[in-house]
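These notes are about the structure you will find just below.
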Ligand SMILES: Cc1ncc(C[n+]2csc(CCOP(=O)(O)OP(=O)(O)O)c2C)c(N)n1
Ligand code: SF4
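Residue numbers (my numbering), protein chains in the order written: chain A, 491 to 844; chain B, 1498 to 1748.
Encoded structure:
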């Protein structure tokens, strides 16, 4: 399986999910992610799985809840307006500790917005999205290869912590074609059996109840404390990021997803021009790589955060670096207005020289 | 005298030996019993998955001795779909009120029925939102006073009661649809039979089964249990006729 393929990001995420053992998909069409259900509709039946085009995003997330409660690896995918509709179900999944994969090939907003690349849903993804003060795992691929790899990681993390996982991509990452090495999925050795889930066989003896309602004295508070303890554990053990030229960097760039691709080109151009610039790209947006950021920025003069929105992740960068100067540059692009590397380079020069 | 008396009536095995939280005269308890008797009849409690909806019946995991998944308000048929697709050999039923199924959850119930999902749906129509304090439901009768229709449901501005058994029965994907009541011994016997049928359809792999059960909410109707029971026969059954609306289950 080490053959090199040339595929779209949306196909890669579907391939990665199926390779990771996902056998149930529930979704509703929306641009720019429809190639995900289309790929899965073609390939899942042969694998003995089930594909349902549901009547809405609300129904699909609740089908995912039912499948997850029954112990299956299952997923849904959508784009921003559809993800908004799923938020109640995601909150129930978080509350009833159901793992599962939610792919958001984000588009520009608000409202019906546009179908082009945007990172406007960062807050919605990492700050909980629905009601009730929970978080989900959020991974941000910046290439077709990572769409594949992170789909697998998302299932593993989600199962390990019993927390739903989201892959936050956008129209650029979902629609572009790149090389992909479709390697085999190897389940982590420490992944425990889902003893909490409803099993396929008759249940003789111990009944299983998957629920989020907690009315007993102190029950809700204890549950929230338990969830937040797991978030803290993930922050210790599961942060992932990519570091570039961080050793001697005077200016550290931060960016995720498609924006990081633009920033990487700008970084290369800056290095060619002799500027000591580095970059830290969060791969896990939740848990956020705050500790590595602090470590790698210790000797830097300044941090510059690029985003395809009006400034969202920069809040988390500033929280991680309370004593550093953190600048922001970003736009919420619409059709035909994606920033260029040269535009980012000009910002790098300004902040580097200031 | 024969001291070996035969026990002819007891708690169904599928019900736990606990007290319910239902108000006096509420027929949710009777309907729970009928569901449990049907499970006992087919000896399926160990393989049944119940989907709890949001309403006064949300605690069914405390009452039925089965596996349960709790669904968000109105979404039980979608959660049930996910569960049944993963474990097709298990028996999956959802138990939903009229606010849950006929208002916020109309989309999910119609499409689950239309896909012909192998599910059993128990729909409890008490013409009001019990749990939230007696607001108007899609099934509230014309002129019925509720806390949000204080001068009585005005069909000109608030529309008509929805006849779900007829509506669901009209879908090609639905195999069985019926409406029953539990206000008299005769009706309870008919309801018990229909309940078995609603499970049998799924057990035989014959498709989607929908059973509407007319029920009381004495607390929010502002009636005594007896008066509430009487209202079922006098006001509800004339608007919501009992009967079988669809039966394509014969194989
Ligand atoms: C999204 C959402 N909206 C509203 C509610 C509040 N709510 C709880 S139960 C209920 C209606 C219950 O009525 P019904 O389905 O008729 O069941 P009953 O209590 O009468 O058995 C409502 C509106 C909720 N829990 N979730
Ligand atoms: S409020 Fe109504 S529906 Fe709810 S338990 Fe009481 S009588 Fe039954």
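The beta-carbon is built from N, C-alpha and C at its ideal position, and this holds for glycine as well.
Closer than 7 Å to the CB of residue 1578 (chain B) there is at least one CB belonging to chain A. By alpha-carbon distance to residue 653 (chain A), the top candidate from A:597, A:613, A:625 and A:493 is A:625. Residue 1676 (chain B) sits in a strand when the DSSP states are folded into three classes. Spatial neighbours of residue 550 (chain A) in its own chain (CB-CB distance under 6 Å, excluding positions within 5 residues in sequence) are listed in chain order as 516, 517, 518, 544 and 566.
Rounded to the nearest whole angstrom, the CA to CA distance from residue 806 (chain A) to residue 769 (chain A) is 16 Å.
Residue pairing by DSSP places residue 1624 (chain B) in no beta bridge whatsoever. Listed in chain order, the positions of the region 685-716 of chain A with a beta carbon within less than 7 Å of a beta carbon of chain B are 688, 690, 692, 693, 694, 697, 698, 699, 700, 701, 702 and 703.
For residue 1597 (chain B), not one C-beta of chain A is nearer than 7 Å to its own C-beta.
In the structure shown, residue 617 (chain A) falls within a coil segment according to DSSP collapsed to helix, strand and coil. Annotation: the continuous alpha helix (DSSP H) that includes residue 831 (chain A) extends over 831-843. Only those residues of the region 543-568 of chain A whose C-beta falls short of 9 Å from the nearest C-beta of chain B are listed: 544, 545, 546, 548, 549, 550, 551, 552, 553, 554, 555, 556, 557, 558, 559, 560, 561, 562 and 564. With respect to residue 835 (chain A), residue 756 (chain A) sits close: the two C-beta atoms are nearer than 7 Å. Contact between residue 702 (chain A) and residue 529 (chain A) is ruled out by a C-beta separation of about 32 Å, above the 8 Å threshold. Per the C-alpha coordinates, the member of B:1613, B:1644 and B:1652 positioned closest to residue 1745 (chain B) is B:1613.
Counting C-beta atoms within 10 angstroms of its own C-beta, residue 1508 (chain B) has fewer than 16 neighbours from the protein chains shown and is therefore classed as exposed. The Cβ-Cβ distance between residue 675 (chain A) and residue 501 (chain A) does not fall below 7 Å.
Of the residues assessed, residue 723 (chain A) falls on the exposed side of the cut-off, its CB having fewer than 16 other CB atoms within 10 angstroms. Here residue 1686 (chain B) carries a helix assignment [DSSP, helix/strand/coil]. The shortest C-alpha to C-alpha distance from residue 747 (chain A) to any of A:698, A:620, A:562 and A:594 is the one to A:594. Of the residues A:752, A:533 and A:808, the one whose Cα lies closest to the Cα of residue 798 (chain A) is A:752. Taking 6 Å as the cut-off, the C-beta of residue 1596 (chain B) counts as close to a heavy atom of ligand 1. B:1556 is the residue among B:1504, B:1575, B:1689 and B:1556 whose C-alpha sits nearest the C-alpha of residue 1518 (chain B). Within the region 1583-1661 of chain B, complete beta strand (DSSP E) segments of at least 3 residues are found at 1588-1594 and 1617-1622, given in chain order. At least one C-beta of chain A is nearer than 7 Å to the C-beta of residue 1558 (chain B). Beta-bridge partners assigned by DSSP to residue 1537 (chain B): none are found. For residue 1538 (chain B), none of the residues of chain A pass the 9 Å Cβ criterion, the least Cβ distance being about 17 Å. Under the DSSP assignment, residue 594 (chain A) falls outside any alpha helix (DSSP H), being part of the beta strand (DSSP E) whose first and last residues are 591-596. Cβ proximity to chain A below 7 Å picks out 1604, 1605 and 1608 from the region 1602-1628 of chain B. Secondary structure at residue 1527 (chain B): helix, using DSSP grouped into helix, strand and coil. The closest heavy atom of ligand 1 lies 6 Å or more from the beta carbon of residue 590 (chain A). With contacts defined as CB atoms closer than 7 Å, residue 559 (chain A) and residue 512 (chain A) fail to qualify as a contacting pair. When C-beta atoms of the region 1570-1583 of chain B are compared with those of the region 1531-1551 of chain B, three or more pairs fall below 8 Å, so the two segments count as touching. Here residue 1702 (chain B) is exposed, its C-beta having fewer than 16 other C-beta atoms within 10 Å.
Per DSSP, reduced to three states, the secondary structure at residue 1564 (chain B) is strand. Taking residue 1610 (chain B) as the centre and dropping the five residues before and after it, the same chain places the C-beta of 1665, 1668, 1670, 1671 and 1705 closer than 6 Å to its C-beta, in chain order. Within the region 679-750 of chain A, the runs of alpha helix (DSSP H) that reach at least 4 residues and sit entirely inside it are, in chain order, 709-727.
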